[in-house]
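Participant: After the structure tokens below, expect a handful of questions from me.
Residue numbers (this note's numbering): 2 to 590.
Next up, the structure:
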């Protein structure tokens, strides 16, 4: 048995070192594309109606529809650069990701919604996978690069793959399968578009600093424009690029003669710094000028889970490798400086948010970059050294009994045995995806499909009818009317230029039009803890979806409890005021 296992390892070694690596990589690309396609398109093909809205809503889908699709529709209507004032009190006009929205609008406008869904949920994520593998391949063997890239790209924050493995060992995998969820990378236009642009720039930034600096000014220009793709790309990418570029020029000019290395460094670095600052200045101005919503409680708890799991644990594994293997400290710092810079930038952003309440929240960083790339990237140095073949030493700390045993265990597990368990993990990841997508399809058909098709029929009928619009049958239909300008009573304060009183008054008019009671209206306008879990089930069958009004008003699920009574009173006042207006109008008629 052991001999057969070793033969398998030798065959895989030959595959790893031969010309078949390209075929293995191409096969993995097709495999990942299939893993991405089984979620939405198996459901679309089962529908009796067409595709108009997300098949199952999570908060990302809600944000993509209520905010980004709304603005994309404005672009398709002719306002290409969104020059008309279309931003609410929560965000300054300069913060709009215009380039990302322009791309999304072009794809949807020219190809249609179904084709756009395929591009944003399959094509772009698959290209993300290609560049993830390319980045990891700069440090790791192909098999490790494929597995880590696929693991990150197919991740679901609420249903991690590790829980599936634990359930498999325990003999009960069904609680670990998604109910109405999908890989978090799936979304239009975010996060697939913003992640792809970030990975492209990250990869070519690495190449430009390794091959002598060609094209660096173009890369500086592109990093400076990232605020028009997604604000996180700018917040993370600019400090990363400036540090990487500064180190590149510093190393190149250390031994320069003439006027000395410092003037030479400044002369080379300054133009890039100026270009990046000038291009990002409008977005930074928008950040400063954006007003905080007075009712939202900004959670600034320090993200210890990220610190411990994705920073301290990789460093602990690396420390064990440092003890067991003979590692050159200079190589460790220089070869993996990109990892250390990336980790420091994320740590800086986490501290800014937790301590000062400024910048990008840890949830946004996880949902846009951390889950798919950053947090797995931090494990690369430890895997690189642990993957080394076993070598005996006769002196130094590496010759101690502790180091010898650790070196043997690490080398066997990460080098030889990985030839067996990494393909097995890829197969189990496929099982997890197929079982998960099948569970999602069953839940969709039982709980959502009929309501989705009813909503679709109502939208199509309203579009073809010349009669006055009837009350919306579901929250999804009301959202569709809102983003297409067919109903102005619902507003999203992130993109609508109305103040909080006007927004609540609009919702109150809608509530009376649909005969909502005051308790129903308050449930709609107040936040709730279970909003995210109930959203997929209720959005297609319940217009007065509890908590949805508050999210549209604040783009948040949290309310400052010291303002709770004030906010509740404000809701009641607007509801009663609209009720009096309707009563007086009825008397006048």
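All C-beta atoms in this analysis are idealised placements derived from N, C-alpha and C, irrespective of residue type, glycine included. Because the structure is a prediction, the values reported are computed rather than measured.
What number of angstroms, rounded off, separates the C-alpha of residue 246 from the C-alpha of residue 270?
Facilitator: 7 Å
Participant: For residue 489, which three-state DSSP category applies?
Facilitator: coil
Participant: Can you tell me whether residue 376 is helix, strand or coil according to DSSP?
Facilitator: helix
Participant: Does residue 282 pass the burial test, meaning 16 or more other C-beta atoms within 10 Å, or should it be called exposed?
Facilitator: Result: exposed.
Participant: Check for me: the alpha helix (DSSP H) holding residue 42 runs from which residue to which?
Facilitator: 22 to 45
Participant: Would you give the residue range spanned by the alpha helix (DSSP H) that residue 152 belongs to?
Facilitator: 143 to 154
Participant: Inspect the beta-carbon positions of residue 370 and residue 60 and report whether they are closer than 9 Å.
Facilitator: no
Participant: Any heavy atom of the ligand COA closer than 8 Å to the Cβ of residue 226?
Facilitator: Annotation note on the ligand COA: not contained in the displayed structure, which lists no ligands.
Participant: Within 10 angstroms of the Cβ of residue 409, are there 16 or more other Cβ atoms? Answer buried if so, exposed if not.
Facilitator: exposed
Participant: Please report the distance separating the alpha-carbon of residue 546 from that of residue 480.
Facilitator: 12 Å
Participant: How many angstroms separate the CA atom of residue 533 from the CA atom of residue 255?
Facilitator: 54 Å
Participant: Can we say the segment 38 to 45 touches the segment 429 to 440, given the rule of at least three CB pairs closer than 8 Å?
Facilitator: With the cut-off at 8 Å, the segment 38 to 45 and the segment 429 to 440 touch.
Participant: Within 10 angstroms of its Cβ, does residue 170 collect 16 or more other Cβ (buried), or is it exposed?
Facilitator: Residue environment for residue 170: exposed (fewer than 16 other C-beta atoms within 10 angstroms of its C-beta).
Participant: Identify which residue in 97, 244, 57 and 575 has its Cα closest to the Cα of residue 71.
Facilitator: 97
Participant: Determine the direct distance from the alpha carbon of residue 63 to that of residue 121, and round the result to whole angstroms.
Facilitator: 16 Å
Participant: I'd like the list of long-range same chain contacts for residue 155, defined as Cβ closer than 7 Å, with 5 residues on each side in sequence excluded.
Facilitator: If we look at residue 155 and ignore the five residues flanking it on each side, its Cβ neighbours are 36, 184, 430 and 434.
Participant: If you draw a straight line from the alpha carbon of residue 372 to that of residue 182, how long is it in whole angstroms?
Facilitator: 16 Å
Participant: Taking a contact to mean a Cβ-Cβ separation below 9 Å, would you say residue 382 touches residue 412 in this structure?
Facilitator: no
Participant: Output the boundary residues of the alpha helix (DSSP H) element that contains residue 569.
Facilitator: 565 to 589
Participant: Locate the alpha helix (DSSP H) running through residue 381, then write down its first and last residues.
Facilitator: Start and end: 381 to 387.
Participant: Counting only runs that start and end within the segment 235 to 291, where is the alpha helix (DSSP H) found for 4 or more residues in a row?
Facilitator: 262 to 290
Participant: What's the call for residue 492, buried or exposed, on a 16-neighbour Cβ count within 10 Å?
Facilitator: buried
Participant: Suppose the cutoff is 7 Å on Cβ atoms and the five residues either side in sequence are ignored; what does the same chain contact list for residue 529 look like?
Facilitator: Excluding sequence neighbours, residue 529 sits near 547 and 548.
Participant: Using a 10 Å radius around the Cβ and a threshold of 16 neighbouring Cβ atoms, would you call residue 595 buried or exposed?
Facilitator: Here the chain comprises residues numbered 2 to 590, so residue 595 is not present and cannot be evaluated.
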